[in-house]
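*Asks:* With our numbering, the residue at position 54 of the sequence shown is 54, and numbering never jumps.
For every residue, glycine included, the Cβ atom is placed at its ideal position computed from N, Cα and C.
All figures in this text were calculated on a predicted structure; none of them were measured in a lab.
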Amino acid sequence: MFLLARPWLKHRDAVFAACLFVVNPYHLVVVYWRSAFAELLAGAWLPLLLLSILELDNQDQRARIRLALVVAGAALTNAPASLLANYSLALLVLVLAFRRRSARLLWSAAWAGALGAALAAFYLIPVFYEQPWINAAQLLSEGVRPQDNYLFTRIADPDHNRFNLLISLVATLELILLAMAAFSGRKLRNRQPQFWWTLLTWAGISALLMFSPSAIFWEHLPWLRFVQFPWRWLLCLNVAFTVLVTLAYRQWVWRAVLPVALVGILWFAGHRTQPPWWDHAIDVAELLEQHESGAGYEGSDEYAPAGADPYNIKLGGPRLALSGSGTARFEVRQWGPERRWFTAEISQSGGVAVRLFNYPAWEVELDGKPARTETLGETGQMLIPMPEGVSRVQIRFVRTGDRALGEAASLIAAAGLLLWWRRQRQLPKAR
1 MFLLARPWLK HRDAVFAACL FVVNPYHLVV VYWRSAFAEL LAGAWLPLLL
51 LSILELDNQD QRARIRLALV VAGAALTNAP ASLLANYSLA LLVLVLAFRR
101 RSARLLWSAA WAGALGAALA AFYLIPVFYE QPWINAAQLL SEGVRPQDNY
151 LFTRIADPDH NRFNLLISLV ATLELILLAM AAFSGRKLRN RQPQFWWTLL
201 TWAGISALLM FSPSAIFWEH LPWLRFVQFP WRWLLCLNVA FTVLVTLAYR
251 QWVWRAVLPV ALVGILWFAG HRTQPPWWDH AIDVAELLEQ HESGAGYEGS
301 DEYAPAGADP YNIKLGGPRL ALSGSGTARF EVRQWGPERR WFTAEISQSG
351 GVAVRLFNYP AWEVELDGKP ARTETLGETG QMLIPMPEGV SRVQIRFVRT
401 GDRALGEAAS LIAAAGLLLW WRRQRQLPKA R
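1) Just verifying my parser: in three-state terms, what is the DSSP assignment at G401?
2) With a threshold of 16 other CB atoms inside 10 Å of the CB of Q398, please say whether the residue is buried or exposed.
3) A203 and L177: beta carbons closer than 9 Å?
4) Please go through the region 331-405 and give each complete beta strand (DSSP E) segment of 3 or more residues, from N-terminal end onward.
5) Quick check: the region 106-125 against the region 57-71, are at least 3 beta-carbon pairs closer than 8 Å?
6) Can you give me the start and stop residues for the beta strand (DSSP E) that S323 sits inside?
7) Tell me whether P305 is buried or exposed, calling it buried when 16 or more other Cβ atoms sit within 10 Å of its Cβ.
8) Measure the alpha-carbon distance for A97 versus L106 and round it to whole angstroms.
9) What residues in its chain sit with their C-beta under 8 Å from that of N135, if we drop five residues either side in the sequence?
10) With T172 as the anchor, note down where its alpha helix (DSSP H) starts and where it stops.
11) Just to check my reading of the structure: A240 and L199 have Cβ atoms closer than 8 Å, yes? What is that Cβ distance to the nearest angstrom?
12) Leaving out five residues on either side along the sequence, give the residues of the same chain with a beta carbon under 6 Å from the beta carbon of W341.
13) My output table needs one value for P305: the three-state DSSP class, helix, strand or coil.
14) Please state whether the Cβ-Cβ distance between P310 and F357 is less than 9 Å.
15) Taking F122 as part of the alpha helix (DSSP H), name the residues at either end of that continuous run.
16) Mark E39 as exposed unless 16 or more other C-beta atoms lie within 10 angstroms of its C-beta, in which case mark it buried.
17) With distances taken between CB atoms, is the gap from A85 to L46 smaller than 9 Å?
18) Between V364 and L320, how many whole angstroms is the CB-CB distance? I'm expecting something under 8 Å.
19) Judging by CA-CA distance, which residue of A215, L237, N238 is the nearest neighbour of Q228?
20) For Y297, is the classification buried or exposed, using 16 other Cβ atoms within 10 angstroms of its Cβ as the cut-off for buried?
21) Is V30 buried or exposed, if buried means 16 or more other CB atoms sit within 10 Å of its CB?
22) Between F163 and Q274, which are expected to be in contact by the criterion C-beta below 8 Å, what is the C-beta distance as a whole number of angstroms?
23) Between Q348, Y359, L405, M210, which lies nearest to T327 when the distance is taken from Cα to Cα?
24) Would a C-beta distance cut-off of 9 Å place A36 and T77 closer than the cut-off?
25) Go ahead and pull the three-state DSSP assignment for R329.
26) Whole angstroms are fine: how far does the CA of P276 sit from the CA of V253?
27) Can we say the region 402-418 touches the region 49-57, given the rule of at least three CB pairs closer than 8 Å?
28) Within a Cβ cutoff of 8 Å, which residues of the same chain sit near Q194, ignoring the five residues on either side of it in sequence?
29) How would you label L208, buried or exposed, when you count the other beta carbons within 10 angstroms and need 16 or more for buried?
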């Protein structure tokens, strides 16, 4: 935020803008109510996104590279925030291209976006390719769908409604202050019209998408629904909020009062609606104990294998179990995150259930030969058909073709970027 504000504000004003951006109400909600730290970190890319777009010149290759690095950084930090960043990129570039009457600006932004996607391809390609492996539809189940999370929306879930009321009050407070700041700091419109209209357009679209009349966009724009919560657009709105509030309130008395008042209002509203983070120390201690003991813990429905229900798995169950009649004796030699090795002695042929979700990336060898696996019912566990007698089983998590393709694309993009950088360093010497 400091880098964005510095070209338009004095040094001390830019410092204040950076501090205000850090402690704005939505960021405090992210920390103390949601603990969504990846989303919080991703918010730091958004001022850099706007700065990179404003500096995007048709002939300046460095500006394109900076924008590409921002796009890649957002993609690798948080998936929903990356969607916000990419849609914001498209919006802001369209606004500036219209203001500058420059169609080439669209090409520059598209080139930067493609390079950013290529740099992050080692993550993005598996994300798209491996979606059929999991219950991706659970990402849009009741309670986390966009239509359930517009501002002031209520559903049949009291906890959801209390939090939605809190975030709606935060958004309303910011929108009111933003409108007041935009009116008070309207002199910037004459001095820097492009910057002014870019900020206001970004803030206006962000605000619109938090209310139910924007449903048509959430339903039809590609992937936008996977942002899940419309109020996540506060991440983008906060950039304009910070700059315009800094411009509007230049007296340090107001600058001292404003953050204190914002924190006070948020704290009061929080305790009247939804107190910060409803889990307690005992819940965290229980989770840690389950992890350290190997009992396991309840995961997220959406990341279980397709068609599986992880709640059907008993916590603390055996690592290996015979499915069917007969007796079995197991000896675990290695049980790591990506490699498992054990021997099994069973009295008659049957299946051995492994406490492991049966994803396609698991490769199983039975006595040194590739073995087929099955999926056990609704639990999604791996089931290995085994013959009578003693068998040696190795299970490895391998790199599938999509990951190899993604890594190759990222390496090629990074190598091209490195060659460009070396060439740029050599240009002054050649002169």
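*Replies:* Taking the coordinates as given:
1) helix
2) Sequence inspection shows Val at residue 398; the Gln mentioned does not correspond to that position. Exposed is the call here.
3) no
4) 339-346, 350-357, 362-366, 374-376, 381-386, 389-397
5) yes
6) 320-323
7) buried
8) 7 Å
9) D301, E302, Y303, A304, P305, A306, G307, A308
10) 158-184
11) 4 Å
12) R333, Q334, Q394
13) strand
14) yes
15) 121-129
16) buried
17) yes
18) Not a contact, Cβ separation roughly 13 Å.
19) A215
20) exposed
21) buried
22) 5 Å
23) Q348
24) no
25) strand
26) 29 Å
27) no
28) L54, L96, R99, R100
29) exposed
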